[in-house]
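Asker: The structure under discussion is supplied below as structure tokens; questions concerning it will follow.
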Amino acid sequence: MSDADPRPESARPAGPDPREVQASPTGPAEGPGGGRPGGTAGTGEPGFPEPGPPADEAPGPAAPAADGLRPPLSLDELLGLLLRRGLLTRSQAGDIASREATLRSRVLKERVGSVRSQAAARYEVTPAEIVAAAALPHPARAHRKLDEEAIAEVLAAEAGLSHLRIDPLRLDGELITKTFSRPFAHRHAVLPVSSGPEALVLALADPFDLELRETLAARISQPVEFRVASKRAILQVIDRVYGFRSSVSRAEAELGEGGQLSAIGTLVELRSNAELASTHDEHVIAAVDYLLNYAFDQRASDIHLEPRMGDAVIRFRIDGILHDIETVPPSVHGAITSRVKVLARMDIAERRRPQDGRIKTQRGDREVELRVSSMCTAFGEKLVIRVFDPTVLMADLQDLGFSAAERERWEHWITSPSGLILVTGPTGSGKTTTLYSTLRYLAGPEINITTVEDPIEMVDPRFCQVQVQPQIEVTFATALRTILRQDPDIIMVGEIRDAETAAMAVQAALTGHLVFSTVHTRDAAGAVTRLVELGVERFLLSSVLRGVLAQRLVRKICVHCAVDGTLTPTQVAALGIKVPVERRERLRVRWGEGCPECRHTGLFGREGIFEMLDVGRRVRTLINEGRDAAELTHAARIEGMETLREGAIRKLAAGITTFEEVLRVTADVG
232 MSDADPRPES
242 ARPAGPDPRE
252 VQASPTGPAE
262 GPGGGRPGGT
272 AGTGEPGFPE
282 PGPPADEAPG
292 PAAPAADGLR
302 PPLSLDELLG
312 LLLRRGLLTR
322 SQAGDIASRE
332 ATLRSRVLKE
342 RVGSVRSQAA
352 ARYEVTPAEI
362 VAAAALPHPA
372 RAHRKLDEEA
382 IAEVLAAEAG
392 LSHLRIDPLR
402 LDGELITKTF
412 SRPFAHRHAV
422 LPVSSGPEAL
432 VLALADPFDL
442 ELRETLAARI
452 SQPVEFRVAS
462 KRAILQVIDR
472 VYGFRSSVSR
482 AEAELGEGGQ
492 LSAIGTLVEL
502 RSNAELASTH
512 DEHVIAAVDY
522 LLNYAFDQRA
532 SDIHLEPRMG
542 DAVIRFRIDG
552 ILHDIETVPP
562 SVHGAITSRV
572 KVLARMDIAE
582 RRRPQDGRIK
592 TQRGDREVEL
602 RVSSMCTAFG
612 EKLVIRVFDP
622 TVLMADLQDL
632 GFSAAERERW
642 EHWITSPSGL
652 ILVTGPTGSG
662 KTTTLYSTLR
672 YLAGPEINIT
682 TVEDPIEMVD
692 PRFCQVQVQP
702 QIEVTFATAL
712 RTILRQDPDI
722 IMVGEIRDAE
732 TAAMAVQAAL
742 TGHLVFSTVH
752 TRDAAGAVTR
762 LVELGVERFL
772 LSSVLRGVLA
782 QRLVRKICVH
792 CAVDGTLTPT
802 QVAALGIKVP
812 VERRERLRVR
822 WGEGCPECRH
832 TGLFGREGIF
842 EMLDVGRRVR
852 TLINEGRDAA
862 ELTHAARIEG
872 METLREGAIR
882 KLAAGITTFE
892 EVLRVTADVG
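What follows is the structure, given as structure tokens:
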């Protein structure tokens, strides 16, 4: 059996292989079996010659060695290649060469500081990583750095192969683990990307390792196509897929059918003391650790653990859209569920009644809070974990999506000494983010901010926060009644749901407090009629209401794959834009072609669109006269209010979002 045997251990002949040590990722490859001829020991990447400053003439790729194989590029050769392609200037290349040791240390420090990259820290630093660490701007592409992916594109072109940006959400974990053993995949930085009737597509970090390519083509029983990807992207996927699936497989073997996680204590750390856990507990702990960290890496707002008839599926909600991530056996799903419930201080023995819990964990230099909700379903207990990242939930006001005029109006409202300000929109429209970000903006040592919420979304030491608890008669209304005796300056009511809460919120605003709250209505004017329906007297509402903010979230175009385009006449008509016929085919917009950065959606991140109903003299008179929502909207538009559809169209014209997003998000208000 060759040292380069790519088969997983289960597919190899039985018995130990003394050469398996050479395939381990703990050290550099030795000899020709490593596929790196012409190298020098003790340098950056195993087998890479020691890099030096670039010569006057930019060197090209190394000539083929005597055995017909070309060695991998050194730092010298990589810098020369980037020079020839216009991605570096000579001064930049010389600076990188002179700072090689510093840049190498920066890469290693970054790896060790990342929980998910600790295994990769055992590997030496490649020339591509050294160049990427310099963080130079890409000369031909706005919003991009000369990163490892850009360098991988150059290497792919030099080797005559296609470049591939790996999308971790589109990979088949079972294909990866069944094709190669983990040591082989890690050592040679090779990753199965897809398998079809025509060929198995493999991603390589080193396109010049011809011996590896020949070995793979000879040993794999179907045609093979090679792509080039960055080594970092490949190793991150390998660590995640093999780590998670290895933990799941071992836990399944230990648990057996119907096994459960033992009660190991109520710990809130993601990595608990291994001495407290049994063997299968350790594997489940590792699986949960991988799962949560992967969710953080992918910017997931929610994690769904859903039991089904024969297995359980794990899904992430990213930018408002759900993605399937992994499937696990039912027994492991039960163990993972128990582990999460332990972390959230929930009753792991109770599986029939719904429960709620919280987990606090550290993510880099910031604290992330997870809210856990459990529910019994036909096939078992389902968990949904909501991820509250303070950098998202408490953003700066300028990052919410306000235009200059909208932000000026909002700041005018929220700096009023008293009054009622309402935020409205459906679930998931960003109301909580807007309110928390506003309270953070207003917070100070001279201000007493008190909130009453159900539940408390994010704990912040600058606020006094009260949790609604109906079982002990702590409702929004009763809590508000008590808060008014606590000398507040600003009050935030999580939601006005009933007549008593509405009356108390208005009373608080009348007595000189600034009150924020939310209601669930379609548009801004609908919030006024909703409070009237709840029994609030019109003359009271008109005197205390400062403004109503209706909002939605639109997905933004990915800056990595954005291209220019134009609206068709049909699209112009669908949006209701009134333009001369001769100009309709010249309305320029942008859209995303799709790339792995945005998971081939063309969209990355979200931003708010707003409808701001300012309660001025005209609107106040109409409220007193009992006019309906349509008349209120008409009057507000005369005074300059922009509707949600108009706000979305403005962002479409600015190249922030797409035509499809405008229609999707504003379909109920268009």
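Just so you know, we're using the working numbering here: the sequence shown kicks off at 232 and counts up by one.
Every residue gets a Cβ at the ideal spot worked out from N, C-alpha and C, and that includes glycine.
Note that this is a predicted model, so its numbers are computed, not measured.
Output needed for G197: all residues of its chain with C-beta closer than 6 Å, excluding positions within five of it in sequence on either side, in chain order.
Answerer: The chain is shown only over 232 to 901; residue 197 falls outside these bounds and no answer can be derived.
Asker: Counting only runs that start and end within the region 555-603, where is the alpha helix (DSSP H) found for 4 or more residues in a row?
Answerer: Within the region 555-603, the complete alpha helix (DSSP H) runs of at least 4 residues are 561-574.
Asker: Leaving aside the five residues before and after A885 along the sequence, list all residues of the same chain whose C-beta is less than 8 Å from its C-beta, in chain order.
Answerer: none
Asker: Within the same chain, show all residues whose beta-carbon is closer than 6 Å to that of G766, passing over the 5 residues directly before and after it, in chain order.
Answerer: A730
Asker: Helix, strand or coil: which one does DSSP assign to F610?
Answerer: coil
Asker: Determine the direct distance from the alpha carbon of F457 to that of F747, and round the result to whole angstroms.
Answerer: 57 Å
Asker: Go ahead and pull the three-state DSSP assignment for M689.
Answerer: Here DSSP, grouped into helix, strand and coil, assigns M689 to coil.
Asker: Classify A566: buried if its beta carbon has 16 or more other beta carbons within 10 angstroms, exposed otherwise.
Answerer: buried
Asker: Could you name the residues of the same chain whose beta carbon sits closer than 8 Å to that of G796, not counting the 5 residues immediately before and after it, in chain order?
Answerer: Cβ within range, chain order: R819, V820, R821 and W822.
Asker: From A289 to C792, what does the alpha carbon distance come to, in whole angstroms?
Answerer: Unreliable placement is indicated for A289, whose pLDDT of 42 sits below 50; no coordinate value is reported for it.
Asker: Just how far apart, CA to CA, sit I495 and G847?
Answerer: For I495, the predicted structure reports a pLDDT of 34, less than 50, and the residue's modelled location is therefore unreliable. A value from the coordinates is still provided. Answer to the nearest angstrom: the Cα atoms are 60 Å apart.
Asker: At which residue ranges does the region 424-477 contain complete beta strand (DSSP E) runs of 3 or more residues, listed in the order of the chain?
Answerer: 431-435 and 455-459
Asker: For M689 and E600, I'd like the C-alpha separation in whole angstroms.
Answerer: 7 Å
Asker: Flag this pair as yes or no: are the beta carbons of L780 and I880 separated by less than 7 Å?
Answerer: no
Asker: Going by C-alpha to C-alpha distance, which of I534, G474 and V544 sits closest to H514?
Answerer: Nearest option by C-alpha distance: G474.
Asker: Around the C-beta of D899, are 16 or more other C-beta atoms found within 10 angstroms, so that it is buried, or is it exposed?
Answerer: exposed
Asker: What do you get for T681, buried or exposed, if any count of 16 or more other CB atoms within 10 angstroms of its CB means buried?
Answerer: buried
Asker: Would P597 be called buried (16 or more neighbouring beta carbons within 10 Å of its own) or exposed?
Answerer: Here residue 597 turns out to be Arg, not Pro, going by the sequence shown. The residue in question, R597, is exposed, as its Cβ has fewer than 16 Cβ neighbours within 10 Å.
Asker: For D685, tell me which candidate among S660, R712, M723 and E612 has the shortest Cα-Cα distance.
Answerer: M723
Asker: In this structure, does DSSP put R315 in helix, strand or coil?
Answerer: Of the three classes helix, strand and coil, the one that applies to R315 here is helix, per DSSP.
Asker: Does the region 628-646 come within contact of the region 606-617, defined as at least 3 CB pairs closer than 8 Å?
Answerer: no
Asker: Exposed or buried, what is A351 when buried is set at 16 or more other beta-carbons lying within 10 Å of its beta-carbon?
Answerer: Residue confidence for A351 is low, a pLDDT of 46 falling below 50, so the modelled location carries little weight; the figure read from the coordinates is stated next. With 16 or more other Cβ atoms inside 10 Å of its own Cβ, A351 counts as buried.
Asker: Suppose contacts are defined by Cβ-Cβ distances below 7 Å. Is C607 in contact with R570 by that definition?
Answerer: no
Asker: Mapping DSSP to helix, strand and coil, what is M843?
Answerer: strand
Asker: For S634, which three-state DSSP category applies?
Answerer: In the structure shown, S634 sits in coil (DSSP, three-state: anything other than H, G, I, E or B).
Asker: Can you list, in chain order, the residues of its chain whose CB lies under 7 Å from that of F890, leaving out five sequence neighbours each side?
Answerer: L798, Q802, V820 and L883
Asker: So, at 8 Å on beta carbons, what are the nonlocal neighbours of P538 in its own chain, with the 5 sequence-adjacent residues on each side left out?
Answerer: If we look at P538 and ignore the five residues flanking it on each side, its Cβ neighbours are P561, H564, T608, F610, G611, E612 and K613.
Asker: Identify whether C826 lies in helix, strand or coil by the three-state DSSP scheme.
Answerer: coil
Asker: For Q802, which of helix, strand or coil comes out of DSSP?
Answerer: helix
Asker: Grab me the residues of L319's own chain with a C-beta within less than 6 Å of its C-beta, minus the 5 sequence neighbours each way, in chain order.
Answerer: L313
Asker: Which term fits I703, buried or exposed, when burial requires 16 or more other beta carbons within 10 angstroms of its beta carbon?
Answerer: exposed
Asker: Terminal residues of the continuous alpha helix (DSSP H) containing L670?
Answerer: K662 to L673
Asker: Whole angstroms are fine: how far does the CA of T655 sit from the CA of R769?
Answerer: 19 Å
Asker: Checking 7 Å against the spacing of the C-beta atoms, do A756 and A860 come in under that value?
Answerer: yes
Asker: Between N855, T622, I854 and M843, which lies nearest to R868 when the distance is taken from Cα to Cα?
Answerer: M843
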